[in-house]
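Participant: My questions all concern the structure below.
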């Protein structure tokens with residue numbers, strides 16, 4: 001069997017883990033524990049602030065260390081709360097670290113690919129959260145390395161982190177590498193900048209209004225099998 005790729009790099013949140021569900025649960029619990037409202041409007045306001053700050057991480061303007069508390073400082077100020085932001089941030093991350101909710105089809109996909117292609121996770125997420133969820137998920141049975149931008153010192157979409165991942169996995173041929181992720185701005189743009197093939201995981205069929213064009217686009221993770229050359233799986 002001739003495969004199209006030897007190494008598949010996966011994004012973590014929104015690709016292998018259901019981040020939205022985990023975030024919703026962990027944030028709701030943390031806010032309730034702090035005596036704060038946790039309705040959908042409140043969650044939406046937090047997510048807007050978090051998204052703004054995470055975009056700055058992708059641009060290399062701020063670090064994840066800064067964002068982990070700053071997002072709660074801004075959020076609590078917006079809702080007029082005087083609750084200690086650092087305390088809420090720590091509680092939230094502790095709860096989020098236990099939310100290893102798999103995306104539909106993720107476990108089956110990894111089992112299918114295992115033994116055929118090598119795999120690693122490449123994530124901009126917070127280190128202790130990602131390492132905890134990686135251990136809880138059992139993904140380590142199939143995925144060789146968990147590469148975290150916070151530990152490497154550079155974040156997606158910087159092509160340097162893709163080069164780091166290839167080096168860490170001992171892969172020299174960029175033509176044999178595929179990046180799979182749900183983010184056009186970090187996963188797909190970064191992979192393209194690193195001159196490797198990209199696959200946009202777009203389960204909601206969201207329109208692509210950017211100038212970033214993936215090599216492949218899938219709605220279900222199972223579709224990845226044919227892309228790597230495992231037809232019939």
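Numbering (my numbering), first residue to last: 1 to 233.
C-beta: ideal position from N, C-alpha, C; glycine also.
Which residues share a DSSP beta bridge with residue 178?
Facilitator: Beta-bridge pairing links residue 178 to 8 and 197.
Participant: So, are the CB atoms of residue 207 and residue 186 less than 7 Å apart?
Facilitator: No, they are not a contact pair.
Participant: Bridge partners of residue 117, per DSSP?
Facilitator: Paired residues: 114.
Participant: Assuming residue 197 and residue 215 are in contact, meaning their beta carbons sit under 8 Å apart, how far apart are those beta carbons, in whole angstroms?
Facilitator: So it is a contact: roughly 5 Å between Cβ atoms.
Participant: Kindly indicate the opening and closing residues of the beta strand (DSSP E) around residue 146.
Facilitator: Looking at the DSSP string, the run of the beta strand (DSSP E) that includes residue 146 is 145-148.
Participant: Which value, in whole angstroms, describes the spacing of the CA atoms of residue 5 and residue 228?
Facilitator: Their Cα atoms are separated by approximately 6 Å.
Participant: Is DSSP giving residue 214 helix, strand or coil here?
Facilitator: If DSSP states are grouped into helix, strand and coil, residue 214 belongs with coil.
Participant: Is the separation between the beta-carbon of residue 177 and that of residue 7 shorter than 7 Å?
Facilitator: Yes, the Cβ-Cβ distance between residue 177 and residue 7 is below 7 Å.
Participant: Could you tell me the boundaries of the alpha helix (DSSP H) in which residue 13 lies?
Facilitator: Careful: residue 13 lies outside any alpha helix (DSSP H) and carries neither H nor E.
Participant: Please work out which residues of its chain come closer than 8 Å, Cβ to Cβ, to residue 113, disregarding the five sequence neighbours upstream and downstream, and give them in chain order.
Facilitator: Taken in chain order, the residues that qualify are 8, 119, 142, 224, 225, 228 and 230.
Participant: What does DSSP give as the partner residues of residue 123 in its beta bridges?
Facilitator: Its beta-bridge partners are 148.
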